[in-house]
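Novice: According to the working numbering, the sequence shown holds residues 1 to 219 in order. By construction, the Cβ of each residue, glycine as well, lies at the ideal position given by its N, Cα and C atoms. These figures come from a predicted structure and were not determined experimentally.
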Amino acid sequence: MRFAPSVDEGTYRGRLVFPRGGTWDLTIAVQGKYIGDAHFNLEIPPGPEIAGLRSEKADEPELIIDRFTVRHLVMEWGHLVGFGMWLAACGLGLGVREGPRWPVLVLTWAAFALEGATGLYKMEYSTPFAGGLRLFGLNRIPPIFFAREYVYTLAVKHLLLVGAIGTTLILSIHVWRSNPGERSPLFRGLLLVNLVLALAIGAAAAILGFYHAIVLHFS
1 MRFAPSVDEG
11 TYRGRLVFPR
21 GGTWDLTIAV
31 QGKYIGDAHF
41 NLEIPPGPEI
51 AGLRSEKADE
61 PELIIDRFTV
71 RHLVMEWGHL
81 VGFGMWLAAC
91 GLGLGVREGP
101 RWPVLVLTWA
111 AFALEGATGL
121 YKMEYSTPFA
131 GGLRLFGLNR
141 IPPIFFAREY
151 VYTLAVKHLL
161 LVGAIGTTLI
171 LSIHVWRSNP
181 GERSPLFRGL
191 LLVNLVLALA
201 IGAAAAILGF
211 YHAIVLHFS
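See the structure below:
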């Protein structure tokens with residue numbers, strides 16, 4: 001489908017016919033120098049079949065609850081749960097001065113595993129780019145407002161996460177080699193580093209949410 005200029009300057013019109021009923025994803029890509037805002041109106045021609053469909057579906061909610069919706073919600077909330085588990089592990093390790101340290105490590109690594117699994121899904125389906133994210137191909141990022149800033153912030157977030165994983169690995173080796181119950185300033189110091197990294201990643205995620213809304217609006 002291609003859009004053709006209409007009588008009104010800056011307005012393009014096109015026609016798209018779906019081969020059958022169902023749920024469809026429609027992506028509209030604007031090629032060329034981008035100027036202004038993007039708002040697309042979908043006009044459904046009136047007809048007996050459309051009118052009957054509207055009357056039958058009038059009382060149904062707009063949100064379609066299917067396995068794809070459930071999967072998406074599980075992944076989105078799972079990512080937040082993983083971050084909460086990480087913060088809880090840091091708080092547990094810093095708050096409890098005595099006792100076994102392995103529960104802190106188990107909770108931290110479980111949080112990283114959950115963050116990684118859900119993060120891979122979000123990289124594929126939850127970025128505001130129609131053609132997918134090109135983290136290592138910045139020349140292929142669409143010329144949209146704040147698109148590059150979004151990718152740069154996401155790259156910083158990933159670097160911080162790599163630093164947190166490295167810190168946790170050092171922490172795990174230290175716990176493995178130290179005696180149970182032995183006071184260790186290094187253990188608390190590494191947990192503080194992890195907590196600072198977690199807060200920095202949370203701040204980066206908040207900035208990403210702001211950029212996400214802007215990029216999604218102009219994409």
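1. Alpha carbon to alpha carbon, what distance is there between V196 and I170?
2. May I have the straight-line CA-CA distance separating S178 from P128, to the nearest angstrom?
3. Measure the CB-CB distance between V193 and T167 and report whether it falls below 8 Å.
4. CA-CA distance, V106 and P100?
5. Count Cβ pairs between the stretch 109–124 and the stretch 61–80 that sit closer than 8 Å; are there 3 or more?
6. Distance, Cα to Cα, P19 vs F68?
7. Taking the beta carbon of E56 as the centre, do at least 16 other beta carbons fall within 10 Å, making it buried, or is it exposed?
8. My guess is that V156 and A204 are in contact by the Cβ rule of under 8 Å, so how many angstroms apart are they, rounded?
9. Could you name the residues of the same chain whose beta carbon sits closer than 8 Å to that of K122, not counting the 5 residues immediately before and after it, in chain order?
10. Let's see if you can read the secondary structure: which residues bound the alpha helix (DSSP H) around I86?
11. Locate the alpha helix (DSSP H) running through P103, then write down its first and last residues.
12. Would you identify the three-state DSSP class for S184, choosing helix, strand or coil?
13. On the three-state DSSP scale, how would you describe V17?
14. By DSSP, does E149 sit in helix, in strand, or in coil?
Specialist: Short version:
1. Near 16 Å, if we compare the C-alpha coordinates of V196 and I170.
2. The alpha-carbon atoms of S178 and P128 are separated by roughly 46 Å.
3. Taking 8 Å as the Cβ cut-off, V193 and T167 qualify as a contacting pair.
4. For V106 and P100, the distance between alpha carbons rounds to 11 Å.
5. By the Cβ rule, the stretch 109–124 counts as touching the stretch 61–80, because three or more pairs are nearer than 8 Å.
6. In this model, P19 and F68 are separated by some 22 Å (Cα to Cα).
7. Residue confidence is low: E56 scores 49 on pLDDT, short of 50, so the model does not pin down where it sits. No coordinate-derived value is stated.
8. V156 to A204, Cβ: 6 Å. Contact.
9. If we look at K122 and ignore the five residues flanking it on each side, its Cβ neighbours are M75, E76 and H79.
10. Per the sequence presented here, residue 86 reads as Trp, with Ile not at that position. Taken as a continuous stretch (DSSP letters only), the alpha helix (DSSP H) holding W86 covers R67 to G95.
11. From DSSP, the alpha helix (DSSP H) with P103 extends over W102 to Y125.
12. DSSP places S184 in the coil class of the three-state scheme, outside both helix and strand.
13. Here V17 sits in coil by DSSP.
14. The DSSP-derived three-state label of E149 is helix.
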